[in-house]
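Number of protein chains: 2
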Amino acid sequence: MSRADLAKHSCTVARAIELFGDVWMLMIVRETFLGNRRFDDLQRQTGASPHSLSQRLKRLESIGVLRRETYSEHPPRHEYRLTTMGRDLWPVIVSMKAWGDKWLGEGTPSIDIRHKACGNVILPQMTCPECHEPMEAHDAQARLSREFEHERNAIRSQA
Amino acid sequence: MSRADLAKHSCTVARAIELFGDVWMLMIVRETFLGNRRFDDLQRQTGASPHSLSQRLKRLESIGVLRRETYSEHPPRHEYRLTTMGRDLWPVIVSMKAWGDKWLGEGTPSIDIRHKACGNVILPQMTCPECHEPMEAHDAQARLSREFEHERNAIRSQA
DNA sequence: TTCACTCACTATAAAATATGAAGTTACTAG
DNA sequence: CTAGTAACTTCATATTTTATAGTGAGTGAA
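Here it is as structure tokens:
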């Protein structure tokens with residue numbers, strides 16, 4: 017097995033990791049959430065080389081996370097905008113922010129999140145949609161499907 | 017700027033991305049949440065080469081995400097266990113799962129999450145800790161600190 | 001005591017990927 | 001006519017990753 021095989025992994029977490037386990041993919045998504053949509057701005061703010069950026073934008077577009085939109089025909093100019101699929105990555109970035117603020121932060125965070133509805137500056141929290149209690153790792157139990165369990169045992173018993 | 021410079025970025029999100037924007041880092045964390053703690057199991061289940069795995073484990077240990085524990089002196093045997101810092105990465109993995117289940121999933125997910133307290137199989141949700149409403153990207157407004165804004169404008173105006 | 005086997009790695013060469021710098025296309029503004 | 005901007009592409013070099021093999025410290029069976 018190697019990195020590319022993760023794309024065919026039966027677990028969606030592994031497949032998502034294969035797509036977004038990359039500095040530039042995540043940095044571009046973060047940047048688009050901050051409102052930057054153009055190649056040059058993305059390049060400067062993420063720090064990616066034009067080559068890397070170009071490749072990642074193509075991948076993000078082909079996945080369906082970004083949509084490339086022409087905003088000027090003459091001269092040809094484009095913007096990269098988050099699709100619904102892309103906006104759904106918000107919790108991923110926010111979770112990273114929460115972790116980063118807690119474990120890497122000194123002083124004031126560079127970015128605040130304000131909840132438009134209630135107006136407060138907050139850090140979103142993981143909660144149970146059934147009982148509405150906040151959740152952490154030890155509140156949860158992961159259960160593997162029978163097929164997935166078999167798959168893993170098969171891997172386990174390979175030389 | 018290049019990848020390594022992200023480590024000195026003033027934004028904690030960027031610093032977190034620099035650490036975890038890597039397939040193997042994320043796959044190892046996911047695997048430890050599933051209960052695997054040993055080198056060989058991690059290697060087989062993640063699909064990383066021993067070299068890559070060894071490097072990542074060292075990095076995870078030096079960051080403080082994993083703690084290397086000897087469980088047998090003779091022969092020397094070790095386990096890698098999540099620290100509190102590591103367990104705090106749970107929302108990151110769960111967010112990826114939620115995204116993956118929604119956008120990459122066909123059929124039944126390979127992994128279920130059960131909330132121990134209420135017993136339901138659920139997908140955790142991002143909510144506002146103040147008003148307890150579920151939150152998505154469009155419910156939030158990102159605000160940059162003044163310093164960070166200046167930093168970004170400085171980058172912007174660079175040739 | 002010799003053989004096969006496990007765990008936890010390290011070493012190495014070849015292959016794949018990323019990087020920075022420069023170049024390109026298609027314009028506009030002065 | 002020159003300079004500048006946006007959105008890239010190309011290319012030679014540098015770095016990383018991968019697969020494969022090997023190592024050390026043991027255990028258990030014949």
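First to last, the sequence lines map onto chains L and S. For the first sequence, position 5 (counting from the first letter as 1) is numbered 21 according to the numbering used here, and the numbering increases by one without interruption. For the second sequence, position 84 (counting from the first letter as 1) is numbered 100 according to the numbering used here, and the numbering increases by one without interruption. For glycine and all other residues, C-beta sits at the position ideal for the given N, C-alpha and C. As the structure is a prediction and not an experimental result, all values here were calculated from the model.
- Among the residues facing chain S, residue 160 (chain L) is included, as its CB has a counterpart in that chain under 8 Å away.
- For residue 170 (chain S), the nearest beta carbon of chain L is not closer than 8 Å to its own beta carbon.
- Taken in chain order, the unbroken stretches of alpha helix (DSSP H) that lie wholly in the stretch 105-156 of chain L and span 4 residues or more are 106-119.
- DSSP places residue 90 (chain L) outside both helix and strand once states are collapsed to three, so it counts as coil.
- At a cut-off of 8 Å, the C-beta of residue 113 (chain S) has a neighbouring C-beta in chain L.
- The stretch 27-92 of chain L contains, as complete alpha helix (DSSP H) runs of 4+ residues, the segments 28-36, 39-49, 55-62 and 66-79 (chain order).
- For residue 168 (chain S), the enclosing alpha helix (DSSP H) begins and ends at 162-173.
- Contact note: residue 26 (chain S) reaches chain L through 126, using a C-beta cutoff of 8 Å and chain order.
- DSSP lists no bridge partner for residue 103 (chain L).
- At a cut-off of 8 Å, the C-beta of residue 91 (chain S) has no neighbouring C-beta in chain L.
- In this structure residue 134 (chain S) does not touch residue 134 (chain L) by the C-beta definition: roughly 25 Å separates them, more than the 8 Å allowed.
- Taking all protein chains in view, the Cβ of residue 92 (chain L) is surrounded by fewer than 16 other Cβ atoms within 10 Å, so the residue is classified as exposed.
- By the criterion of a C-beta distance shorter than 8 Å, residue 117 (chain S) is surrounded in its chain by 125 and 139, once the five residues flanking it on both sides are discounted.
- Residue 106 (chain L) sits away from residue 69 (chain L), with the two beta carbons spaced by 8 Å or more.
- Residue environment: residue 110 (chain L) is assigned as buried (16 or more neighbouring CB atoms within 10 Å of its CB, all protein chains considered).
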